[in-house]
Amino acid sequence: MTGVLAGFAVIAIVIVIGYVSGRTGVLGEQPEQVLSRLVFYVLTPALLLDKLATTDVAVLFSDRLVVSSAAALVIAALHYGIARLLWRRTLGVATIGALASSYTNSSNLGIPIAVFVLHDTSYVAPLLLFQILVFSPIALTLLDVTERRGQGRTVPTWRTAITPVANPIVVGALVGLAISLMGWHPPNWLMSPVQLLGDASVPLALLVFGLSLGGVRVLAKGDSPRRDTVLACALKMAAMPLVAWAMARFLFGQTGHALFAQTVTAALPTAQNVLVYSLRYNRAVTLARDAGLITTALAIPVIMGVAALLT
């Protein structure tokens, strides 16, 4: 449990620094808007390129990928269906809600947990691959279409088709995966700048999260979409780990450490990327922020509970 607490302590400290920076105004007015674009367009693509270029392809395409991706899709579809069909939410709000309930913090929290608790980063790599190469393109395409429609612009079929591959985050992931598949080892002078930029992605995303908390209250009446947020948090922290556990246990016969690791991976909180996406497209920002904060706070007791039951 020391590893779990250490991982969360690191994240909490950086978030607090971002919060204090926002409250004191040392970064000017609305710095989260500029910094979130920097994370979205430059730093996260560099991080994914670097990580995927050095990951063993055999590990990426395994039963771990099937369990992680299927659990995320089931939960996302459940939230999206409730939001769109029952609550009549807009496409943009339903998309952010689906991401908040299923898009896992597999990098800035998943990697520390994998190192300190699971002792194996290969459990989060398949989930990272799925989220970037499949989940993000679908969600970002929907958000791009929503943004253009909101601006009164028509959306040609060809533009919708190329939206996923035109997204900088997806491009970075695709380039990294291509390097891994080819078995190419780029020279240090080429990869060192990419790694340097990628290393800044995690702390800056956490700073953006902290900055977004300034002057706001979680689940504030009249401001927060409470029903959507509670649904997203319940699905992310309870339903998704349960679905992943059931699939890993009964479909693939996983037991012991493998089953524990698969369940812990699904129990990680909502990624800060969801807030970055919501800020970029100005859709359901409060929902993304509140879900990220609440699930991060719940992650410690949930992961400890998983550890108590499965180890």
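Just so it is clear: in the sequence shown, position 309 is 309 by full-length UniProt numbering, and no numbers are missing.
The beta-carbon is built from N, C-alpha and C at its ideal position, and this holds for glycine as well.
CB contact flag (residue i, residue j, <8 Å)
{"i": "residue 295", "j": "residue 269", "result": "yes"}
{"i": "residue 293", "j": "residue 17", "result": "no"}
{"i": "residue 289", "j": "residue 275", "result": "yes"}
{"i": "residue 169", "j": "residue 132", "result": "yes"}
{"i": "residue 231", "j": "residue 32", "result": "no"}
{"i": "residue 53", "j": "residue 176", "result": "yes"}
{"i": "residue 43", "j": "residue 196", "result": "no"}
{"i": "residue 14", "j": "residue 187", "result": "no"}
{"i": "residue 103", "j": "residue 135", "result": "yes"}
{"i": "residue 286", "j": "residue 225", "result": "yes"}
{"i": "residue 265", "j": "residue 41", "result": "no"}
{"i": "residue 297", "j": "residue 67", "result": "no"}
{"i": "residue 303", "j": "residue 267", "result": "yes"}
Between the CA atoms of residue j and residue i - distance to the nearest angstrom
{"i": "residue 185", "j": "residue 48", "result": "16 Å"}
{"i": "residue 11", "j": "residue 110", "result": "11 Å"}
{"i": "residue 74", "j": "residue 189", "result": "42 Å"}
{"i": "residue 88", "j": "residue 45", "result": "34 Å"}
{"i": "residue 218", "j": "residue 181", "result": "44 Å"}
{"i": "residue 99", "j": "residue 240", "result": "12 Å"}
{"i": "residue 20", "j": "residue 255", "result": "44 Å"}
{"i": "residue 260", "j": "residue 101", "result": "21 Å"}
{"i": "residue 221", "j": "residue 144", "result": "29 Å"}
{"i": "residue 174", "j": "residue 72", "result": "20 Å"}
{"i": "residue 24", "j": "residue 113", "result": "31 Å"}
{"i": "residue 253", "j": "residue 59", "result": "18 Å"}
{"i": "residue 194", "j": "residue 69", "result": "27 Å"}
{"i": "residue 223", "j": "residue 38", "result": "27 Å"}
{"i": "residue 301", "j": "residue 244", "result": "18 Å"}
{"i": "residue 233", "j": "residue 277", "result": "18 Å"}
{"i": "residue 167", "j": "residue 291", "result": "24 Å"}
{"i": "residue 64", "j": "residue 57", "result": "12 Å"}
{"i": "residue 179", "j": "residue 55", "result": "10 Å"}
{"i": "residue 85", "j": "residue 183", "result": "46 Å"}
{"i": "residue 307", "j": "residue 251", "result": "21 Å"}
{"i": "residue 29", "j": "residue 311", "result": "48 Å"}
{"i": "residue 6", "j": "residue 281", "result": "33 Å"}
Nearest to residue i (by Cα), restricted to the options the options
{"i": "residue 106", "options": "125, 88 and 55", "result": "125"}
{"i": "residue 34", "options": "205, 77, 145 and 198", "result": "205"}
{"i": "residue 299", "options": "52, 235, 90 and 58", "result": "235"}
{"i": "residue 26", "options": "214, 259 and 279", "result": "214"}
{"i": "residue 61", "options": "128, 23, 244 and 74", "result": "128"}
{"i": "residue 50", "options": "257, 199, 223 and 29", "result": "199"}
{"i": "residue 263", "options": "282, 242 and 283", "result": "242"}
{"i": "residue 330", "options": "183, 22 and 147", "result": "Here the chain has residues from 1 to 311 only, and residue 330 is not among them."}
{"i": "residue 351", "options": "212, 171 and 258", "result": "In the structure displayed, the chain extends from 1 to 311; residue 351 sits before or after that span and is not available."}
{"i": "residue 273", "options": "227, 209 and 307", "result": "209"}
Exposure label - residue i; buried when at least 16 CB within 10 Å
{"i": "residue 119", "result": "exposed"}
{"i": "residue 246", "result": "exposed"}
{"i": "residue 237", "result": "buried"}
{"i": "residue 323", "result": "Any property of residue 323 remains undetermined from this structure, which presents the chain solely from 1 to 311."}
{"i": "residue 305", "result": "exposed"}
{"i": "residue 117", "result": "buried"}
{"i": "residue 192", "result": "exposed"}
{"i": "residue 283", "result": "buried"}
Residue i: CB within 7 Å of a non-hydrogen atom of the ligand NAD
{"i": "residue 297", "result": "The ligand NAD is not among the ligands present in this structure, which contains no ligands whatsoever."}
Short CB-CB distance (under 8 Å) between residue i and chain C
{"i": "residue 44", "result": "The structure shown has no chain C; it contains just one protein chain."}
| query | Quick one: any contact between the region 66–84 and the region 92–103, if contact means 3 or more CB pairs under 8 Å? | reply | yes
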